[in-house]
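Student: To start, I am sharing the structure in question, which I have written as structure tokens.
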Amino acid sequence: MAPTTAAAAAAAAAEEEGGVVVQPVVLSRPPSSSGVLPTMLVLRALTVALTFISLIVLATTTAYARYVLFTMILGLLYSLLQAALTVYHLSSGKRVSNILVYLDFFGDLVLTYALATGAAACFAATVDTRKILEEEFPRLFDDAYGNLFGKFFEKGDATGSMLFIGSICSSVSVVLSAFGLRDRF
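The numbers in UniProt numbering rise by one with no breaks, and the one at position 22 of the sequence shown is 22.
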């Protein structure tokens with residue numbers, strides 16, 4: 001029986017010579033019933049909730065960092081769109097379009113980086129500003145003076161934390177989206 005592929009021919013030749021044959025491991029996408037789609041839906045819902053809460057927290061500080069605000073809005077809108085598409089996929093058993101596999105993967109990838117850099121920008125802004133203000137005006141952080149800026153920076157830290165957790169949810173979604181992208185090739 002003749003080998004049908006070049007890889008099979010190479011494996012047969014290696015076996016004849018007494019060599020070791022290394023077989024590649026091919027990961028297959030688990031079926032939808034195994035929980036991939038519900039997991040993706042939960043991750044997208046968490047991303048929506050975290051970006052929405054961080055948007056509310058940032059809005060209460062009255063100081064807006066444009067990039068952080070942009071990443072929050074981007075994360076919120078993209079995650080809402082993907083959650084709706086995932087609900088449709090779960091309920092109907094089919095995708096709106098097969099091309100959306102690319103949107104899932106590359107959109108999740110961009111969103112992960114946007115949320116992570118938005119969180120980093122938020123943390124950097126609060127840490128740097130807090131350090132400068134504590135050196136110049138230490139009384140503003142004393143409880144005797146009402147800790148005027150301490151609460152402001154706590155809100156900034158909370159916003160950055162939620163964006164960071166949202167980026168983790170999005171990065172797990174990237175891995176799950178890669179299964180769908182792999183099936184396209």
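Every residue, glycine too, gets a C-beta built ideally from N, C-alpha and C.
In whole angstroms, what is the alpha-carbon distance linking V68 and E135?
Tutor: Counted from its first residue, the sequence shown places residue 68 at position 68. Counted from its first residue, the sequence shown places residue 135 at position 135. Each residue's Cα considered, the two are about 25 Å apart.
Student: Near L85, which residues of its chain fall below 7 Å by C-beta distance, leaving aside the five closest residues on each side in sequence?
Tutor: Numbered from its first residue, the sequence shown carries residue 85 at position 85. Contacts found: V96, L100.
Student: So, helix, strand or coil for G166, using DSSP?
Tutor: Start at 1 with the first residue of the sequence shown, and residue 166 comes out as number 166. In this structure, G166 counts as helix in the three-state DSSP scheme.
Student: Do the CB positions of A119 and G160 come within less than 8 Å of each other?
Tutor: Here residue 119 refers to the residue found at position 119 of the sequence shown. Here residue 160 refers to the residue found at position 160 of the sequence shown. When the beta-carbon positions are compared, A119 and G160 come within less than 8 Å of each other.
Student: Please classify V175: is it buried, with 16 or more other beta-carbons within 10 angstroms of its beta-carbon, or exposed?
Tutor: Position 175 of the sequence shown holds residue 175. V175 should be labelled exposed.
Student: Can you find the residues in the same chain that come closer than 6 Å, C-beta to C-beta, to F164, ignoring five residues on each side of it along the sequence?
Tutor: Numbered from its first residue, the sequence shown carries residue 164 at position 164. For F164, where only same-chain residues beyond five positions count, the Cβ hits under 6 Å are A119.
Student: Below 8 Å CB to CB, which residues in the same chain sit around L55 once its five sequence neighbours on both sides are set aside?
Tutor: Here residue 55 refers to the residue found at position 55 when the sequence shown is read from its first residue. Cβ neighbours of L55 beyond the five flanking positions: L69, M72, I73, L76.
Student: If we count the other Cβ atoms within 10 Å of its Cβ and call it buried at 16 or more, is L27 buried or exposed?
Tutor: Taking the sequence shown and counting its residues from 1, the one referred to as residue 27 is at position 27. At L27 the pLDDT is 47, less than 50, meaning the model places this residue with poor confidence and gives no usable figure here.
Student: What three-state label does DSSP hand R182 in the structure shown?
Tutor: Looking up residue 182 in the sequence shown gives position 182. If DSSP states are grouped into helix, strand and coil, R182 belongs with the helices.
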